[in-house]
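Asker: Let me give you the structure first, and then I'll get to my questions.
There are 2 protein chains.
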Amino acid sequence: MNLACELCRHDGGRVLWRDAQLRVVLVDDADYPGYLRVIWNEHVREMSDLSATDRDRLMKAVFAAETALREVLTPHKINLASLGNVTPHLHWHLIARYVDDAHFPQPIWGARQRASDAAVLAQRSAKLAAVQAMLAQALGASSVALLAEGR
Amino acid sequence: MNLACELCRHDGGRVLWRDAQLRVVLVDDADYPGYLRVIWNEHVREMSDLSATDRDRLMKAVFAAETALREVLTPHKINLASLGNVTPHLHWHLIARYVDDAHFPQPIWGARQRASDAAVLAQRSAKLAAVQAMLAQALGASSVALLAEGR
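Going down the list, the protein sequences come from chains A and B.
Residues in the first sequence are numbered from 1380 upward in steps of one, following the working numbering.
Residues in the second sequence are numbered from 1380 upward in steps of one, following the working numbering.
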C-alpha cells in the first residue's frame, strides 16, 4: 500500500470482478465503452517484479478479459498495454477497438481521428453486463455488484 | 504467411534473437534506443488466438526482454503494448522509458514533450550489445549476428 498511489487508494473504475490478488474494472471513457483495466491489487511497479506464478495469474486474467471483450463486443482489434508512467502500479489497459472509433488506427493515446457516434457507443455499452457475466464464468464468481442489463 | 503483411514479409527491425516461433528485434527509432519488439513469427491476430502454451511462450520472451532492458538500461519505467491496429500480426512493443525522453510521461504515441539529448541517446545505444547478450543468456543461443559493443 502506497498512500500516494492512485490505484492503492481507489479502485480505478467500476469494479466488474475482483479477488484478493487482482481486479477488473470498467474505465470511464466516453469514447470507449469496451475499455477495461486489469489491476494487480498490491503496489508493484513492473511485470518482472512479480513472481513467475503471479505474472502467469495476472496474464491469465488479462487474456480472459480479452476473450470476453472479443466474444461479446466483436471489436476489430484488441489493444493491450501496461504503461504506468504516471501511476507505476501494475495495471493492464484492454481496449476494444473499432475502425469507426475516435482514434483508429492510432493508439487511443494518439491524435483523435473523428467524433464518436453516440448511438453506436450506446449499443456497445448495452453489452457490458454480458462482458461481466463472461468474466465471472472464466475467472469464477465474485461478490461484485452486477451491471444492469442493457445499461 | 500473409503476403500483404509487413511482419510476414520483413523482420520489422534489426533481429537480436530468433527461433522458429518468435523473434526479438531492435526498433529503429531515433528517440528510443531501448525499444524492442517481440514478434510471433506466424501470422496470428490476437493473443487469444494462440494456444495457452504459445501464449505462455510469447509472454516468457516478453518478460525476459523486459528484464534485459531493466538490467542493462535501468530505465525509469517499462512500457509494454500489443496494439496491431495497422499491422494485425502479433507483436509486443517494449520501450525503456526515462523521465528525460521525448514523450515522458505520455505514451510514445502521445504528444511529444521535449527534444531528445543526442549524447544521452548515444550512451544508451552503446549498451544494446549487452541487452542482446542478456537475451541470449535468458532465451538460449541463436544464430543471429551480434551487435558491435559500444555501437
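Note that the Cβ used here is the ideal one computed from N, Cα and C, for glycine as well.
For Ser1461/A, write down the residues that DSSP places opposite it in a beta bridge.
Answerer: Leu1459/B.
Asker: Among the residues of its own chain, which have a CB less than 6 angstroms from the CB of Glu1528/B, if the five just before and after it don't count?
Answerer: So the list reads Ala1508, once near-sequence residues are dropped.
Asker: State the CB to CB distance for the pair Ala1399/A and Leu1518/A, rounded to an integer number of angstroms; the pair is presumed to be in contact (CB under 8 angstroms).
Answerer: 13 angstroms between Cβ atoms; not a contact.
Asker: Quick one: which chain B residues come within Cβ less than 8 angstroms of Trp1488/A?
Answerer: In chain order: Gln1485, Pro1486, Trp1488 and Gly1489.
Asker: Within 8 angstroms of any Cβ in chain A, is that where the Cβ of Glu1528/B sits?
Answerer: No, Glu1528/B lies away from the interface with chain A (no Cβ there is under 8 angstroms from its Cβ).
Asker: DSSP three-state call for Phe1393/B: helix, strand or coil?
Answerer: Before going on, a small fix: residue 1393/B reads as Arg here, not Phe. In this structure, Arg1393/B counts as strand in the three-state DSSP scheme.
Asker: With a cut-off of 8 angstroms, does the C-beta of Met1426/B fall near any C-beta of chain A?
Answerer: Chain A, which has a Cβ nearer than 8 angstroms to the Cβ of Met1426/B, makes this yes.
Asker: Any beta carbon from chain B within less than 8 angstroms of Ile1418/A's own beta carbon?
Answerer: No - not a single Cβ of chain B is within 8 angstroms of the one on Ile1418/A.
Asker: Look at the Cβ atom of Leu1500/B, then the Cβ atom of Pro1412/B, and state whether they are nearer than 8 angstroms.
Answerer: Result yes, Cβ atoms of Leu1500/B and Pro1412/B sit closer than 8 angstroms.
Asker: Return no unless some Cβ of chain B is closer than 8 angstroms to the Cβ of Asn1381/A.
Answerer: Asn1381/A does not count as touching chain B.
Asker: Below 7 angstroms CB to CB, which residues in the same chain sit around Lys1456/B once its five sequence neighbours on both sides are set aside?
Answerer: Answer for Lys1456/B: Arg1476, listed in chain order.
Asker: In the structure shown, what three-state DSSP assignment does Leu1448/A receive?
Answerer: Helix.
Asker: Counting only beta-carbon atoms, is Leu1459/B nearer than 8 angstroms to chain A?
Answerer: Answer yes: the Cβ-Cβ gap between Leu1459/B and chain A drops below 8 angstroms somewhere.
Asker: Consider the C-beta atom of Tyr1477/A and the heavy atoms of the ligand FAD; say whether any pair is separated by less than 7 angstroms.
Answerer: Of the ligands one can find in the structure shown there are none, so the ligand FAD has no counterpart to examine.
Asker: Using only alpha-carbon positions, find the residue among His1482/A, His1470/A, Asp1407/A and Tyr1414/A that is nearest to Leu1386/A.
Answerer: Answer by Cα proximity: His1470/A.
Asker: Kindly indicate which three-state DSSP category Ala1475/A falls into: helix, strand or coil?
Answerer: Residue state, collapsed to three classes: strand.
Asker: Please classify Val1510/A: does DSSP put it in a helix, a strand, or coil?
Answerer: In the structure shown, Val1510/A sits in a helix (DSSP, three-state: H, G or I).
Asker: Could you pull the DSSP bridge partners for Leu1415/A from this structure?
Answerer: Partner(s): Leu1405/A and Leu1473/A.
Asker: Using a cut-off of 9 angstroms between C-beta atoms, extract the partners of Glu1445/A located in chain B.
Answerer: Per Cβ cutoff of 9 angstroms: Glu1425, Met1426 and Ser1427.
Asker: Can you name the start and end residues of the alpha helix (DSSP H) that Arg1493/B belongs to?
Answerer: No alpha helix (DSSP H) holds Arg1493/B; DSSP gives it neither H nor E.
Asker: On a CA-only basis, which of His1472/A, Ser1430/A, His1422/A and Ser1495/A is nearest Glu1445/A? Give me that one, please.
Answerer: Measuring from the Cα of Glu1445/A, the nearest candidate turns out to be His1472/A.
Asker: Tell me the residue span of the alpha helix (DSSP H) that contains Leu1386/B.
Answerer: Per DSSP, Leu1386/B belongs to the alpha helix (DSSP H) from Glu1385 to Arg1388.
Asker: Which residues of the stretch 1467-1485 of chain B have a Cβ closer than 8 angstroms to any Cβ of chain A? Give them in chain order.
Answerer: Answer in chain order: Pro1467, Arg1476, Phe1483, Pro1484 and Gln1485.
Asker: Would you say Gly1463/A lies against chain B (beta-carbon separation less than 8 angstroms)?
Answerer: So yes, Gly1463/A belongs to the interface.
Asker: Do you know offhand how far Ala1515/A's Cα is from Val1523/B's?
Answerer: One C-alpha to the other measures close to 44 angstroms.
Asker: Counting only the same chain and skipping the five closest in sequence on each side, list residues whose C-beta sits under 6 angstroms from that of Val1478/B.
Answerer: Correct list, in chain order: His1455.
Asker: Can you tell which of Val1394/B, Ser1461/B and Arg1416/B has the C-alpha that lies nearest to the C-alpha of Ser1427/B?
Answerer: The shortest Cα separation from Ser1427/B among Val1394/B, Ser1461/B and Arg1416/B belongs to Ser1461/B.
Asker: According to DSSP, simplified to helix, strand and coil, what is Arg1526/B?
Answerer: The sequence given here places Leu at residue 1526/B; Arg does not occur at that position. Correct three-state label for Leu1526/B: coil.
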